[in-house]
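This report concerns only the one structure given below.
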Amino acid sequence: MKTLVFTMLTLVLISCGSASQADATSNAELNAWVNNRNFTVESNFAMPMATTAVNAVLNTGILGPGNTGAQISLIGNPNHLTIKGDSITASLPFFGERRMGGGYNNRENGITIDGLLKNYSVETKRGMYVIRFSAKDTQGNEFYDFVLNLSPGLTANMSVNSTQRTNIQYRGSVEAVQEPDEESL
């Protein structure tokens, strides 16, 4: 009986062991996208920095069922971050506190970027690509630092630090930039 219990316990412990993670470079498509700087990230969830004010507002249920101050669903909400060569375009919703800046009658309350990348670097760490870069907003008065983690399973985790807002994170997927068809032009 003791042998049976010992054997069962050993099998359970072995089966609970962590599986080896795939290396970032194991996905040929992802390698090409990263090397060519030709990919887009669409986020499914936003995770704002947990501050008392943000939690107080977001936990009132204003965003609908299933959303909390810790995680907000962006499914059905068009958003993107696209890197193509040395250029970046982004349109990301922002949930959090604006610490300073922002003008009157400002229509772009989210994170909107259309410009050039700065300080772009790529490394592999813990089985995924870690891409760091900076960019400024379309109005030229706010700067963002991005840390983008891309896994071989084509999932993306992104952290955005701003000069004027609280930090926010996004989780979604990565894919190649879709070129417009010549027939549709």
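Positions -24 to -1, 1 to 161 (mature numbering (1 follows the signal peptide of the UniProt record, and there is no 0)) are the ones given, in order, by the sequence shown.
All residues carry an ideal CB built from backbone N, CA and C; glycine is no exception.
Just so you know, these numbers come straight off a predicted model, no measurement behind them.
- Sixteen is the threshold: when 16 or more other Cβ atoms of the shown chains lie within 10 Å of the Cβ of T16, as they do, the residue is buried.
- Under the DSSP assignment, E5 falls in the alpha helix (DSSP H) whose first and last residues are A4 to N12.
- Residues of the same chain with a CB within less than 8 Å of the CB of T44, apart from the 5 flanking positions on each side, are L34 and N35 in chain order.
- One Cα belongs to V30, the other to G86, and the distance between them is close to 16 Å.
- With fewer than 16 neighbouring CB atoms inside 10 Å of its own CB, R75 falls in the exposed class.
- DSSP lists T16 as the bridge partner or partners of E151.
- In the same chain as K94, and ignoring 5 residues on each side of it, the C-beta atoms closer than 6 Å to its own belong to S110, in chain order.
- Membership of N95 in the beta strand (DSSP E) is indicated by the continuous run K94 to K101.
- The three-state secondary structure of N133, taken from DSSP, is strand.
- Per DSSP, the continuous alpha helix (DSSP H) segment holding L34 begins and ends at T28 to L34.
- Per DSSP, F70 is not a residue of any beta strand (DSSP E), being assigned neither H nor E.
- Shown here, A111 sits in a strand according to DSSP, grouped into three states.
- Residue nearest to I38 within the set N55, A8, F71 and R147 is F71 (criterion: CA-CA distance).
- Nearest neighbour of T114 by Cα position, chosen from T65, L126 and L130, turns out to be T65.
- With contacts defined as CB atoms closer than 9 Å, S19 and M134 qualify as a contacting pair.
- In this structure, the straight-line span from the alpha carbon of I144 to that of A4 is close to 30 Å.
- Annotated three-state conformation of A22 is strand, per DSSP.
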